[in-house]
Structure formats: C-alpha cells, structure tokens
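Everything in the sequence shown is counted per the numbering used here, starting at 1 for the first residue and increasing by one.
Read the structure below first, then the notes.
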Amino acid sequence: MVIFAKDSTKLAERRRSMVNKQIAARGVRSALVLEAMRKVPREKFIPDSLATRAYDDAPLPIAEGQTISQPYIVALMTEALELNGGERVLEIGTGSGYAAAVLAEIAGEVDSIERHASLAEAARRTLKQTGYDKVNVICGDGTLGRRSNAPYDGIVVAAGAPVVPERLKQQLAVGGRLVIPVGERKGHQALLRVTRVAEDEYREEHLSDVRFVPLIGEGGWTEAGDAAAARRSTTSNLSEDARLFAEAAEPFDDIDTADLAPLLERIGDARVVLIGEASHGTSEFYRMRARITQALIAQKGFNIVAAEADWPDAFRINNHVRHIHGPAADWESFARFPTWMWRNREVQSFVDWLHDHNEKLTEQQRTGFYGLDLYSLYTSIDAVIEYLESRDTEAAEIARTQYSCLAPWQPDPAAYGRAAASSRYRDCADEVAAALTELLEQRLSLLRNHGQESAREQEFYLNAVQNARLINNAEAYYRTMYSGYSDSWNLRDSHMFETLDELLTHHGPKAKAVVWEHNSHIGNAKGTDMPARGQLNVGQLCRERFGNEAYLIGFGTHTGTVAAADDWGDEMEIKTVRPSLANSWERLCHDTGIPRFVLPLRRPKSPNLSRLLRRERLERAIGVIYRPRTERASHYFNARLGEQFDEYVWFDESHAVTPLATQDIADYPDTYPFAI
Ligand code: SAM
C-alpha cells in the first residue's frame with residue numbers, strides 16, 4: 001500500500017480522533033491501551049481499497065471471509081487482560097495482525113495463532129513491515145493453545161466459541177486472564193473474562209455482548225457449524241464433570257419431536273409427577289412441560305393437572321377443559337400480577353389440547369386443571385358464598401357474616417396481616433375456620449337429604465370447599481407474613497401440598513397428578529440450602545408422603561430471554577438472561593456443549609456421576625422478578641442436583657413466553673377461562 005505523507009498525517013489525526021471518540025468516550029481508561037491504540041496504524045492492516053475507512057467505528061472485511069475487529073472491541077479486550085507491561089500473551093485469531101500489534105505495544109512477548117495459512121502469512125509480513133517483529137505468528141488450531149510456551153499471563157480469543165475451551169484455561173498462569181466471546185455461532189456472544197484465581201479455581205465475569213466470526217477447531221465449532229457435533233467430538237476436551245454430564249445426557253433437537261419414551265419408562269408407576277421451571281416466563285419450559293404432561297395423560301392415565309395458580313381462576317379452566325358449564329364469573333381470570341405467568345400462548349395451547357382430548361372421554365375419565373396457590377382470598381370468598389346461595393341461602397348469609405371480618409382489607413390483603421400483627425386489631429382466624437367447618441358439615445346434611453351426588457355436583461362442592469380451605473390458609477398466610485418470610489413460605493407450600501392431597505383423595509384411589517410449579521417449590525428442599533433457612537416445600541412434602549412414587553423433574557437454561565419484571569407489580573419486560581455463573585449446575589450443563597437434553601438423575605450411570613450429583617453447586621432461580629445486576633445475590637442458591645430432582649431438562653438457550661393480549665382471545669366462547 002502506498003500512503004503519501006499528507007495522507008499519513010491525516011490518518012494519524014483520524015487515529016487520534018478515533019481513540020478519543022470511539023474508545024475513551026466509551027469508557028476504556030487504561031493509559032497503556034489508549035497509547036497503544038494511538039500508535040498502531042490500522043490502515044496498514046486492511047486491504048488498500050478500504051484505506052479511507054481505516055478508522056471507521058466498525059469491523060472491516062479481510063481475506064478468507066474474515067474480519068479485522070472494530071477498534072473499540074480490540075481496546076476493550078486488551079484492557080480486560082489488565083496488563084501492566086512486559087507480560088507473556090497469547091492471541092487466538094491473528095486475522096490481519098492488527099490486534100497482535102496492539103498487544104505487542106504493551107506485552108513483553110506475543111504469540112498469535114491463525115488457522116488460515118494465507119492470513120497467517122500476510123499478517124507475519126505486515127507485522128514485520130510495521131516494526132512488530134517480536135510477534136510470533138503460528139498457523140494452527142488456536143483452540144488447543146500453545147502448550148510449549150504456556151503458561152500465559154493473558155490469552156485473548158478473537159473469534160466466538162461455543163464454550164470456553166478447557167485447554168486455554170489450563171494454559172493460563174495463576175492470576176492470568178482469558179478474554180473470550182462465548183455464545184451463538186452466528187449471532188450474539190457474551191464477552192467473558194475467566195481469571196485463574198488458583199490452580200483449580202477460575203472466576204468468570206460477563207463483560208459485554210459482542211458479535212464475532214466463529215472459532216473453528218477442536219475446542220470450538222465444526223466448519224459445518226454443528227455445535228453439538230463439534231462439542232461431542234471433543235468430549236475428551238471437556239472437564240471431567242462436563243464429560244460425565246455429556247455421557248449421561250439424552251439430547252433432543254425439538255420439543256415437539258423429542259423421544260419421551262425413556263423418560264416415561266423411568267417415571268414408571270409414579271402417582272405424582274412434579275414438573276418445574278427455572279423461571280415463570282420461559283417458553284421452552286412451558287412447552288416441554290406441556291408435552292410431558294400430555295404424554296402422562298394420554299399414556300399413563302394421569303387425570304389431575306395442578307398448577308401454581310390461583311384456585312378460582314384455574315377452576316374456570318377446569319370447567320372449560322371438562323366441558324362443564326359453570327356459573328359465569330364476574331372477574332377476569334389471571335388478571336392479577338403476574339398476568340403473563342398463566343395468561344400466555346403456551347398455556348393456551350395446552351388448555352386447547354386438553355379441552356379436545358377430554359371431549360372424547362366420559363365425565364369421570366376427564367382430566368381436570370386446578371390451582372394450588374393461595375393468593376385469591378376475595379374471589380374465593382365470593383365463590384363460597386355463590387355456591388351456598390344456590391343451595392342454602394341461610395348458610396350463605398352466615399358465611400357472609402363470618403367473612404365480613406376480612407372485608408375492610410380487600411384492596412390490600414397484606415394490610416390485614418399488618419393490622420392483625422398489632423394488638424389493636426382482632427384477627428379473623430376463628431370466623432374463617434368456623435365457615436370452613438360449617439361447609440364441611442353442611443355437605444354431610446346435603447348428602448343425607450339427597451343421597452348420591454352427580455360427578456358434576458361433586459366437582460362444584462370440591463370448588464367450594466377448596467376455596468374455604470384457601471381462605472383459612474390465606475388468612476394465616478397474611479398474618480405470618482409479618483412474623484417472618486420462612487413461616488409464610490412454609491404455610492404457602494403446605495397449603496399447596498394439602499390441596500394436592502385433597503385433589504388426589506377427591507379423584508379416588510387411581511388418581512394421578514402432574515404438578516406444575518417453579519423448581520424452588522417442586523425440587524426437594526432437602527437437596528438445597530432451604531432447610532438451613534427453616535424452609536420446606538411441596539417437593540419435599542411429596543417425597544416424604546409418596547417416596548419414589550413422586551417423580552421430580554427440574555428445568556434449567558444458560559442464557560436467552562425471559563418475561564419478568566423489575567419489581568413486584570411492575571410492567572413485564574423481555575429481559576436478557578445472563579450467561580450462567582461458573583460453579584453453577586447450569587454452567588456444567590452448558591459446558592457439555594449439548595443444546596437441549598434430558599438428564600436422568602435418580603439412578604446415575606456411574607459412581608463418579610453419583611458423587612458429582614451429591615456435591616453442592618450454585619443453581620439459578622428466576623421468578624416473576626429478574627434483577628440481572630444483582631443476580632448472584634438475588635437469584636442463586638446452593639443445591640445438590642441429584643438430591644433435589646429425579647430428572648433435569650436442559651435448554652442451553654431459551655426464550656420468553658408470549659403473553660396473551662385480550663384481543664387474542666376475543667373469539668373464544670364466553671366460558672373460555674381467559675375471556676373477560
Ligand atoms: N484479531 C484479528 C485482527 O485484529 O484482525 C481479527 C480476528 S478475526 C475477527 C477472527 C480470526 O480468527 C479469523 O482470522 C479466523 O480465521 C480466526 N480463527 C477462527 N478459528 C480459529 C482457530 N481455531 N485458531 C486460530 N484462528 C482461528
């Protein structure tokens with residue numbers, strides 16, 4: 001390339017301006033990096049035809065379909081290495097040689113590996129011409145690193161990897177840093193910094209979201225782009241723990257076609273199958289859970305679906321799917337925060353399926369849909385009174401008086417708890433307990449007078465009595481909210497378990513239930529640090545009651561998007577899920593390189609896997625609230641996966657649920673549960 005003196009002065013000016021406007025202005029502070037960026041002539045590392053664009057704020061094409069990185073990204077990655085000068089550094093992906101020259105301005109020794117021989121050769125030439133002779137350009141597969149010259153104080157990878165290559169981590173000096181983009185092959189990656197804090201300990205940080213060409217090689221992607229094959233073919237390159245997981249995993253490509261036969265066989269004769277979710281807003285969790293549930297209903301005779309939803313709202317779904325024309329309700333179902341949790345396209349598809357499936361069956365054979373939660377105090381009061389009104393107006397009047405004790409708190413039931421906790425206000429415990437007892441007794445007299453009830457009448461009675469139980473427990477729940485979080489948590493989970501138990505009793509000795517709740521409710525609490533906080537959960541109570549006849553299935557994801565809010569009552573947002581933390585179960589699953597799989601945990605295939613599953617690691621729980629900034633403190637807890645679940649379903653990348661807008665459901669019949 002021929003550059004005239006006038007042009008080169010202009011270019012030097014543009015370089016300075018580029019450093020100020022594109023790099024310093026975006027927060028790069030290291031004086032060493034800024035100085036290096038001011039010195040290296042980027043124009044010399046690009047094709048002549050692009051010389052005028054040398055200081056554009058963008059990557060530019062070079063030969064072999066590759067790119068020279070955007071100047072800001074080169075600066076950001078170099079700064080992330082935290083070099084002081086004089087270190088030994090390895091770069092993977094020489095490309096044009098530009099970033100290697102920037103590194104050479106700071107480091108004492110630079111090795112740079114490029115897989116394309118023609119690029120390696122051209123970079124060698126340019127580096128020599130520009131005076132960076134000390135850069136050692138090697139042609140080869142950089143995912144293997146360069147053991148003969150390790151350890152390195154810094155390693156920087158200029159191409160996107162599916163996982164952090166194990167060999168690169170091993171070639172870091174203790175205290176050394178590896179900066180690498182990890183994520184999708186053609187799309188976004190997370191720029192990670194992995195610091196080797198001790199011989200066997202690495203700390204991982206998420207620095208930014210970036211977009212790079214793929215890292216192709218043994219520890220990266222295959223040329224064809226098959227991540228799974230790339231990763232599976234390198235099982236020998238995985239950590240021992242990730243290899244154990246990869247070997248035990250049953251991969252699947254698609255939720256609709258996944259072969260569930262092995263899972264169904266493992267579930268065997270279980271009476272209760274609890275299926276979790278690692279967030280309340282992830283489509284893949286809902287869809288896979290629905291698919292497993294459909295198989296359990298159609299092939300194994302399950303006839304109850306019980307969800308972490310409000311009883312009265314879920315009961316409208318029950319009426320719909322069982323083709324019962326219940327009384328019209330004057331409230332909107334699933335209208336309380338968080339609306340997207342049940343009012344979404346994924347749940348609607350399942351409800352449609354169940355409605356059609358039940359149609360072919362007799363009333364007794366039909367599967368019901370119920371809610372286990374206790375947040376519906378006032379709609380439950382209405383439901384009990386409504387039931388009594390059509391059967392015994394005097395009893396309805398008594399119940400109305402009993403429940404009127406709670407009436408002042410309708411706009412904010414939590415305020416009832418606050419008032420009841422102060423000695424100035426008498427609580428309503430006796431009144432609501434009396435209402436429940438009377439309802440239970442009233443049924444006996446109804447039975448005495450009318451004899452055997454129809455299945456439909458039994459279902460209406462179940463609805464009334466469960467609402468009365470709910471009012472009882474919700475009254476206690478709001479009171480205990482003020483004595484401690486663990487007490488109210490336990491009350492809520494005990495209520496959900498009690499409701500499940502009542503449902504099983506109601507449906508007779510052959511009843512089988514699928515439970516849909518968050519992982520934190522359905523995974524056995526004893527396999528986590530919950531007992532240390534004095535907490536139990538539905539999974540634990542089921543394990544204690546049903547033993548191996550309870551089958552607990554957890555879900556997890558590494559990254560993607562999720563529907564969640566910043567705070568209770570806030571607007572729903574589609575948020576980005578941060579890549580999972582090192583030392584989490586999620587990261588271990590991610591490191592297998594298999595995008596989707598089912599992992600059997602109850603009978604581990606080897607003693608090593610069994611030992612691994614009993615060890616403690618972090619696990620992420622996203623509820624209706626997700627706060628990525630304080631993620632470690634607000635969303636991670638410790639768990640022993642093998643004690644918590646019998647099975648784990650993995651989606652490396654996942655997406656937010658699709659909430660239902662009211663117009664989406666406008667054409668449904670009035671009885672449809674989502675209709676207003
Ligand atoms: N740092 C370069 C620069 O300043 O021009 C830009 C690098 S470019 C974004 C990524 C480079 O990584 C490409 O040249 C590509 O051929 C190379 N690459 C991809 N996989 C590789 C591997 N396994 N080993 C070495 N180089 C690889």
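Just so you know, even glycine gets a beta-carbon here, dropped at the ideal spot from N, CA and C.
I'd like to confirm something about Val156: is its beta-carbon nearer than 6 Å to some heavy atom of ligand 1, or not? No, the Cβ of Val156 stays beyond 6 Å of every heavy atom of ligand 1.
For the stretch 493-545, which segments carrying the beta strand (DSSP E) assignment without a break, of at least 3 residues, lie completely within its bounds, in sequence order? Listed in chain order, the complete beta strand (DSSP E) runs (minimum 3 residues) inside the stretch 493-545 are 513-516.
Measure the alpha-carbon distance for Leu127 versus Asn638 and round it to whole angstroms. Take the alpha-carbon of Leu127 and the one of Asn638: they are about 50 Å apart.
Count the other C-beta atoms from every protein chain shown that fall within 10 angstroms of the C-beta of Pro338, then say buried if there are 16 or more, exposed otherwise. buried
Alpha carbon to alpha carbon, what distance is there between Val182 and Gly593? Taking the Cα positions, Gly593 is about 11 Å away from Val182.
Where do the ends of the alpha helix (DSSP H) carrying Phe315 lie? Element bounds for Phe315: Trp311 to Val321.
So Gln442 and Ala395 are supposed to be a Cβ contact under 8 Å. How far apart are they, rounded? Separation of the CB atoms of Gln442 and Ala395 is rounded to 6 Å, and the pair is thereby assigned contact status at 8 Å.
Quick check: what's the CA-CA separation for Val657 versus Ser279? 10 Å
Assign Pro509 to one of two classes, buried (16 or more other C-beta atoms within 10 Å of its C-beta) or exposed (fewer than that). exposed
Roughly how many angstroms separate the alpha carbons of Lys512 and Phe369, rounded to a whole number? Using only the alpha carbons, I get a separation of about 12 Å.
Where Leu192 and Asp646 are concerned, what is the direct C-alpha to C-alpha distance, given to the nearest angstrom? Distance between the alpha carbons of Leu192 and Asp646 is about 32 Å.
What do you get for Lys605, buried or exposed, if any count of 16 or more other CB atoms within 10 angstroms of its CB means buried? Label assigned to Lys605: exposed.
Got a sec, what are the start and stop residues for the alpha helix (DSSP H) Asp352 sits in? Arg345 to Glu359
Does ligand 1 have a heavy atom nearer than 6 Å to the CB of Leu374? no
Straight-line gap, Asn319 to Gln348 (C-alpha atoms, nearest Å): Rounded to the nearest angstrom, the gap between the Cα atoms of Asn319 and Gln348 is 15 Å.
Span of the beta strand (DSSP E), counted from its first residue to its last, around Cys139: Segment Val135 to Cys139, the beta strand (DSSP E) holding Cys139.
Whose C-beta lies closer than 6 Å to the C-beta of Met481 among residues of the same chain, with five residues either side of it excluded? Gly417 and Ser488
Would you say the beta carbon of Ala159 is closer than 6 Å to some non-hydrogen atom of ligand 1? Result yes, Cβ under 6 Å from ligand 1.
Would Ser654 and Glu105 be called neighbours here (beta carbons separated by less than 7 Å)? no
Buried or exposed, going by whether 16 or more other CB atoms sit within 10 Å of the CB of Lys186? exposed
Within the continuous beta strand (DSSP E) that includes Leu191, where are the two ends? Gln189 to Ala198
Beta bridge counterpart(s) of Tyr707 as assigned by DSSP: Since the first residue shown for the chain is 1 and the last is 676, residue 707 is missing from the structure and cannot be characterised.
Can you tell me whether Ile622 is helix, strand or coil according to DSSP? The answer is coil: DSSP assigns Ile622 none of H, G, I, E or B.
Spell out a yes or no on whether the stretch 65-72 and the stretch 41-57 are touching, meaning 3 or more CB-CB pairs, one atom from each, closer than 8 Å. Taking 8 Å as the limit for Cβ pairs, the verdict is that the stretch 41-57 does touch the stretch 65-72.
Can you grab the Cα-Cα spacing for the pair Phe245 / Phe315, in whole Å? 40 Å
Answer yes or no: the CB of Val89 versus the heavy atoms of ligand 1, is any distance below 6 Å? no
Could you give the distance in angstroms between the alpha-carbon of Arg307 and the alpha-carbon of Val174? Before going further, note that residue 307 is Ala rather than Arg in the sequence given. If I take the Cα positions, the gap works out to 49 Å.
Give me the residue from Arg426, Val163, Leu599 and Gly145 with the minimum Cα distance to Cys405. Arg426
What first and last residue would you give for the alpha helix (DSSP H) that runs through Pro214? Element bounds for Pro214: n/a, residue is neither H nor E.
Bounding residues of the beta strand (DSSP E) (the contiguous stretch that carries Lys575): Its beta strand (DSSP E) spans residues Glu573 to Val577.
Considering just the uninterrupted stretch of the alpha helix (DSSP H) at Val272, what are its terminal residues? Per DSSP, Val272 belongs to no alpha helix (DSSP H); it is in the beta strand (DSSP E), Val272 to Ile275.
Using the C-alpha atoms, what's the distance from Leu274 back to Leu500? 11 Å
Cα separation between Ala476 and Ala621? C-alpha separation (whole angstroms): 26 Å.
Check the DSSP bridge columns for Gly368 and list the partner residues they point to. DSSP, once it has assigned bridges, lists Ile304 as partnering Gly368.
Quick one, which of Leu504, Phe460 and Trp650 has its alpha-carbon nearest Ala325's? For the sequence presented, residue 325 should be read as His rather than Ala. Nearest of Leu504, Phe460 and Trp650 to His325, Cα basis: Phe460.
Cβ-based burial, Tyr132 [other Cβ within 10 Å; buried from 16]: buried
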